[in-house]
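For reference, the structure is listed below as structure tokens.
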Amino acid sequence: MSNSIVLFDSRTNNTKKIAEAIALGLGTTAIAIETKPPLDDYNLIAFGSWVKKGTISSSSEKYLHSLPEKLIVNKKFVLFLTSSFPEKRNEKTDLTELETTFQAMRNILEKKQARVLDETFTAVGAVKLFSFGFGLMKRGHPTAEELDEATQFGRDLKEKYL
């Protein structure tokens, strides 16, 4: 059994596709956070979210806050994101949405004594402009190339940390 797991939160299946590609490279499974899998047996956890209005999705944030410190203390976490507007900057901080979101995730996990690794992965994701399902922007993402890069990211993590 692999001692790694890939957890993800996905709204339009973009993050799910990236999670599955990373899991393929790691030789493990990608699991949606809604299933709340036990994490006891894993020492490398890849966690992925989509960016919502410039920061972590509320469901991802809630999940990370719900993790008991005793369960994740000293566990290695690697973070990945999908975003439709990765270059967009926050007007107040001048950081990109990705930088802001990675920092928010890192802050939550580090307060619980998790070890957040420097490696991150990002991919462009399609976005629904309207809640009723049409107005899709960035259609076609993640691309085959992005999925290949995600798989290689997983392989690199496996080689370095497992």
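Counting in this note's numbering, the sequence shown runs from 3 upward without gaps. Glycine is no exception: its CB is placed at the ideal position from the N, C-alpha and C atoms.
Does the Cβ-Cβ distance between residue i and residue j come in under 9 Å?
i      : j      : result
Pro144 : Lys19  : yes
Leu28  : Leu119 : no
Val217 : Ile47  : Outside the shown range of the chain, which is 3 to 164, sits residue 217, and nothing can be said about it.
Ile35  : Ser62  : yes
Ser51  : Phe10  : yes
Ile24  : Ala106 : no
Three-state secondary structure (DSSP) at residue i?
i      : result
Asp120 : strand
Gly27  : helix
Thr84  : strand
Arg13  : coil
Gly50  : strand
Thr57  : strand
Lys38  : coil
Thr153 : helix
Thr160 : The question names Thr, but residue 160 is Lys in the sequence shown. If DSSP states are grouped into helix, strand and coil, Lys160 belongs with the helices.
Thr98  : strand
Lys114 : coil
Lys77  : coil
In chain order, what residues of the same chain have a beta carbon less than 6 Å from the beta carbon of residue i, not counting five sequence neighbours either side?
i      : result
Glu148 : Ala125
Glu161 : none
Ala116 : Ile74, Lys77, Phe79
Tyr65  : Ile35
Ser12  : Lys18
Looking only at its own chain, which residues have a Cβ that is under 8 Å from the Cβ of residue i, when we skip the five neighbours before and after it?
i      : result
Phe104 : Leu81, Leu83, Thr122
Leu73  : Leu41, Asp42
Leu164 : Ser4, Asn5, Ser6, Leu28, Leu46
In or out: residue i buried (at least 16 other Cβ within 10 Å) or exposed?
i     : result
Lys78 : buried
Thr37 : exposed
Glu71 : exposed
Asn16 : buried
I'd like the list of long-range same chain contacts for residue i, defined as Cβ closer than 7 Å, with 5 residues on each side in sequence excluded.
i      : result
Gln154 : Gly27
Thr102 : Gly56, Thr57, Asn92, Thr95
Thr30  : Ser4, Ser6, Ile7, Val8
Would you tell me roughly how many angstroms separate the C-alpha atoms of residue i and residue j, rounded to the nearest one?
i      : j      : result
Pro39  : Glu22  : 16 Å
Ser85  : Lys113 : 25 Å
Gly56  : Asp96  : 12 Å
Gly156 : Thr14  : 22 Å
Leu111 : Ala146 : 31 Å
Leu170 : Ala32  : Any answer about residue 170 is impossible in this case: the structure gives the chain only from 3 up to 164.
Asn109 : Phe49  : 14 Å
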